[in-house]
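K.L.:
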Amino acid sequence: MDKIAIEGGPRLSGSVRISGAKNAALPILASALLAEGTCTFKNVPALQDIRTMGRLLERLGCEVSGDRTVRVAAPTGGDRFEAPYELVKTMRASVVVLGPLVARYGRARVSLPGGCAIGARPIDQHLKGLEAMGATVSLSHGYVEAECERLRGARIVFDIPTVTGTENVMMAAALAEGRTVLENCAREPEVEELAQVLNKMGARITGAGTAEIHIDGVDTLHAIEHAIMPDRIEAGTFAIAAAITRGDVLLEGVRPEHLDAVVAKLRRAGVTVAAEGDGLRVSHSGDLQPIDITTQPYPGFPTDMQAQFMVLASLARGQSVIKEAIFENRFMHVPELGRMGADIHVDGRVAVIRGVKGLSGAQVMATDLRASASLVLAGLVAEGRTEVLRVYHLDRGYERIEDKLRPLGATIERHPG
Ligand code: EPU
Numbered sequence: 000m001d002k003i004a005i006e007g008g009p010r011l012s013g014s015v016r017i018s019g020a021k022n023a024a025l026p027i028l029a030s031a032l033l034a035e036g037t038c039t040f041k042n043v044p045a046l047q048d049i050r051t052m053g054r055l056l057e058r059l060g061c062e063v064s065g066d067r068t069v070r071v072a073a074p075t076g077g078d079r080f081e082a083p084y085e086l087v088k089t090m091r092a093s094v095v096v097l098g099p100l101v102a103r104y105g106r107a108r109v110s111l112p113g114g115c116a117i118g119a120r121p122i123d124q125h126l127k128g129l130e131a132m133g134a135t136v137s138l139s140h141g142y143v144e145a146e147c148e149r150l151r152g153a154r155i156v157f158d159i160p161t162v163t164g165t166e167n168v169m170m171a172a173a174l175a176e177g178r179t180v181l182e183n184c185a186r187e188p189e190v191e192e193l194a195q196v197l198n199k200m201g202a203r204i205t206g207a208g209t210a211e212i213h214i215d216g217v218d219t220l221h222a223i224e225h226a227i228m229p230d231r232i233e234a235g236t237f238a239i240a241a242a243i244t245r246g247d248v249l250l251e252g253v254r255p256e257h258l259d260a261v262v263a264k265l266r267r268a269g270v271t272v273a274a275e276g277d278g279l280r281v282s283h284s285g286d287l288q289p290i291d292i293t294t295q296p297y298p299g300f301p302t303d304m305q306a307q308f309m310v311l312a313s314l315a316r317g318q319s320v321i322k323e324a325i326f327e328n329r330f331m332h333v334p335e336l337g338r339m340g341a342d343i344h345v346d347g348r349v350a351v352i353r354g355v356k357g358l359s360g361a362q363v364m365a366t367d368l369r370a371s372a373s374l375v376l377a378g379l380v381a382e383g384r385t386e387v388l389r390v391y392h393l394d395r396g397y398e399r400i401e402d403k404l405r406p407l408g409a410t411i412e413r414h415p416g
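Residue numbers (numbering that gives the first Met the number 0): 0 to 416.
#1: Tell me the rounded alpha-carbon separation between Ala240 and Gly246.
#2: With a cut-off of 8 angstroms on the beta carbons, I'd call Arg58 and Pro83 a contact; round off their distance for me.
#3: Just list the residues that DSSP pairs Lys2 with in beta bridges.
#4: Ile214 to Lys127, Cα distance in whole Å?
#5: Just grab the DSSP bridge partners of Ala145 for me.
#6: When you compare each of Ser371, Gly278 and Glu148 to Arg389 by their alpha carbons, which one comes out closest?
#7: Mapping the DSSP letters down to three states, classify Ile352 as helix, strand or coil.
#8: If you reduce the DSSP assignment to three classes, tell me which class Glu386 lands in.
#9: Is Ala73 near the ligand GDP, going by C-beta to nearest heavy atom under 7 angstroms?
#10: Are at least three pairs of beta-carbons, each pair with one atom in the region 41-54 and one in the region 63-76, less than 8 angstroms apart?
#11: What are the partner residues of Ala419, as DSSP defines its beta bridges?
#12: Starting from Ser313, follow the alpha helix (DSSP H) in both directions and report where the run begins and ends.
#13: Heavy atom of the ligand EPU less than 7 angstroms from the Cβ of Gly98, yes or no?
#14: Take Lys88 as the anchor and find which of Leu250, Val109, Arg79 and Ser139 has the nearest alpha-carbon.
#15: Checking the sheet assignment: what are the DSSP bridge partners for Ile214?
#16: Between which two residues does the alpha helix (DSSP H) harbouring Leu56 extend?
#17: Note the first and the last residue of the continuous beta strand (DSSP E) segment covering His344.
#18: Going by beta-carbon coordinates alone, are Gly216 and Glu191 separated by less than 8 angstroms?
#19: Evaluate Val156 with the Cβ neighbour count: other Cβ atoms within 10 Å of its Cβ, from every protein chain shown; 16 or more gives buried, anything less gives exposed.
#20: For the region 220-293, which segments carrying the alpha helix (DSSP H) assignment without a break, of at least 4 residues, lie completely within its bounds, in sequence order?
#21: Under 8 angstroms: do the region 160-171 and the region 267-281 share three or more Cβ pairs, one atom per stretch?
#22: Between the C-alpha atoms of Pro121 and Val261, what's the straight-line distance to the nearest angstrom?
#23: I'd like to confirm something about Ala107: is its beta-carbon nearer than 7 angstroms to some heavy atom of the ligand EPU, or not?
#24: Would you identify the three-state DSSP class for Gly357, choosing helix, strand or coil?
#25: With distance defined between alpha-carbon atoms, name the residue in Gly252, Ala102, Ala72 and Asp286 nearest to Gly354.
#26: Considering only the alpha carbon of each residue, which of Val196, Ala210, Ala238 and Ala72 lies closest to Val228?
#27: Quick check: does the Cβ of Thr89 come within less than 7 angstroms of any heavy atom belonging to the ligand EPU?
#28: Within the present structure, is the beta-carbon of Arg103 separated from the nearest heavy atom of the ligand EPU by less than 7 angstroms?
#29: Is it buried or exposed for Lys356, if we count other Cβ within 10 angstroms and need 16 for buried?
#30: Say whether the region 29-40 touches the region 88-100, bearing in mind that this needs 3 or more beta-carbon pairs closer than 8 angstroms, one atom from each stretch.
#31: Looking only at its own chain, which residues have a Cβ that is under 8 angstroms from the Cβ of Val94, when we skip the five neighbours before and after it?
#32: Indicate whether Glu335 and Val380 have their beta-carbon atoms separated by less than 8 angstroms.
#33: Quick one, are the C-beta atoms of Ile352 and Asp367 less than 8 angstroms apart?
#34: Among Thr39, Gly105, Arg10 and Lys21, which one has its Cα closest to the Cα of Ala222?
#35: On the CB-based measure, 16 or more other CB atoms within 10 Å of its CB, does Tyr104 come out buried or exposed?
#36: Kindly examine the ligand EPU and report whether one of its heavy atoms sits closer than 7 angstroms to the Cβ of Thr236.
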C-alpha cells in the first residue's frame, strides 16, 4: 500500500487550483440514470470515489467513459438494478443510485451500507422518503429492495437534515407524478447544485439550498452538459495548510460564499483571508489563536473540516474546544495526532485541545478520509519525518495531494507500496 512521506517545516507559498467537488460530483453522476441520452460532466475530480461511482453505473448498465470529462449514458430499459455490497462497502455514497433507479426503472436493489469508520450512518430517511412516494421497501439478505411502477408526489419532513438523503429523494421526486414537498432538507451547496443539474435536464425544482424544496414531477428528463463546482473541503484543507505553515497561498477557483463558516473560524484564529480574483488568498504569520467549533449542517461549520481544524487548534496559543455534532465517531485522528505530540482530550463528542509548541514527525495512519488529511497537515509542520500510511483513504477524496502541495514548497512524496 502506498504511503506519503513528509519532511515538516517549509512555509507554503504560491497558488493551487481547487478541483471539482467530490460530494457534488457523486450524486450528479448518479443523476444521469434519470436522463435519456448521454450526459457530459466536466471538471470531475480524478478520485477513487469517482471511479467507484463509474464502476457502479456500469454495473447498472450505463456506458461510462472519460476521466475529468465524464460521459454517462443510462440504458433505455434498465434490467440491472443492483448496487452490490462490494462497491457500497467501499463507498457509502453509492446509495444515491437508489432514488434514480426506482424513479426511472421502477426497481432498485442496493446493499445496505452498514456502519462505517465515522459512525453508524443509517439511511432510514432515504427509505422514508421513497415509501412516502409509494415505493414498497423491504430489507433482505443485507439489501434494500424498493419497487414502484410510478412514484407519486408527497409531503416529506425529514427527521434530520441529511445531504445524500435529500439528494436521493429529490432525484426520485423529479420523475414522480405530481408535486413533492420536502421539509427540513439539507441546505448544502452540493444539494443546490444537484437541483440545478436536474432542472437543466428538464426537472421543475425550486427551493434547493433552503430547508424546503418543491418538486413538480415530469415524465422524462433529457441529457445535459454540466461543469462540477469547486470542492469547498479541498479548499478548506489547503487553507489550513497555508495557515499552520505561516504561509501565503492563493486558492484558485473557489466559491468564497461556500466557505463562510470556515473563513470565519480561520479569521478567529488570526489567519488573514482575502478575496482575490476567482480565489481566496490565505496567509499567516505569528501565533495562532485558539478557536471553539461545533460542527453543524450547512451553513454551519462542516464536519468534513473538523479534523483539519484540530491540527490548527493543536498549534494555537491556548485552549480550544471542538464539538462534533454530526457523526458520533469522528475523532479517530486524535490518537494519531497525540502520537505526534498534540495534547487533546476527548470526552464523548467534545475534544479539548491545548496548543503545544510543536509537533514531531511519526508514522501514522487513519481510517477515514478527512482524518487522513489532518495527518498530512500535521506532517507539514511537524519536526522531522512523518509517514502517513493507508493512503487509499486520502485518494478517495483528494486528487494526488502530494502533487498539489509540492509546488507550494512542501517536502512530500508518495512511496508506492
Ligand atoms: N442520518 C440518519 N438517517 C439517514 C441519513 C442520515 O440518521 O437516513 C444521520 C447521519 O448518521 C448523520 C447525519 O444524519 O448523523 C447527517 O448525515 P448525512 O446523511 O447528511 O451524511 P451523508 O449524506 O451520508 C454527506 C457527505 C459526507 C459529509 C456529510 C455531512 C456525500 C457523498 N457525503 O454524507 O462527506 O460528512 O454529508 O456533511 O455527500 C466526506 O466527504 O469525507 C464525507 C464523509
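Glycine residues also receive a C-beta, built at the ideal position from the N, C-alpha and C atoms.
Computed from a predicted structure; not experimentally measured.
P.N.:
Quick look at the numbers:
#1: Whole-angstrom Cα-Cα distance: 8 angstroms.
#2: 7 angstroms
#3: His414
#4: 17 angstroms
#5: Ala107 and Val136
#6: Sorting Ser371, Gly278 and Glu148 by C-alpha distance to the C-alpha of Arg389 places Ser371 at the top.
#7: strand
#8: Here Glu386 sits in strand by DSSP.
#9: Absence of the ligand GDP is noted for the structure shown, with the ligand EPU being the only ligands found.
#10: yes
#11: Look at the range of the chain in this structure, 0 to 416, and you will see that residue 419 is not part of it.
#12: Gln305 to Ser313
#13: Not under cutoff, so the answer is no.
#14: Here the closest residue by C-alpha is Val109.
#15: Thr179 and Ile204
#16: Gln47 to Arg58
#17: Asp342 to Asp346
#18: In terms of Cβ geometry, Gly216 and Glu191 do not form a close pair [threshold 8 angstroms].
#19: Exposed, because fewer than 16 other Cβ atoms sit within 10 Å of the Cβ of Val156.
#20: 231-243 and 259-267
#21: no
#22: About 27 angstroms.
#23: No.
#24: coil
#25: Asp286
#26: Contrary to the premise, residue 228 reads as Met rather than Val in this sequence. Per the Cα distances, Val196.
#27: It does not: the Cβ of Thr89 is nowhere closer than 7 angstroms to a heavy atom of the ligand EPU.
#28: no
#29: By the neighbour-count criterion, in which 16 or more other beta carbons inside 10 Å mark a residue as buried, Lys356 falls on the exposed side.
#30: yes
#31: Ala82, Val87, Val109, Pro112, Ile122, His125, Thr163 and Asn167
#32: no
#33: no
#34: Thr39
#35: When all chains shown are included, Tyr104 counts as buried.
#36: no
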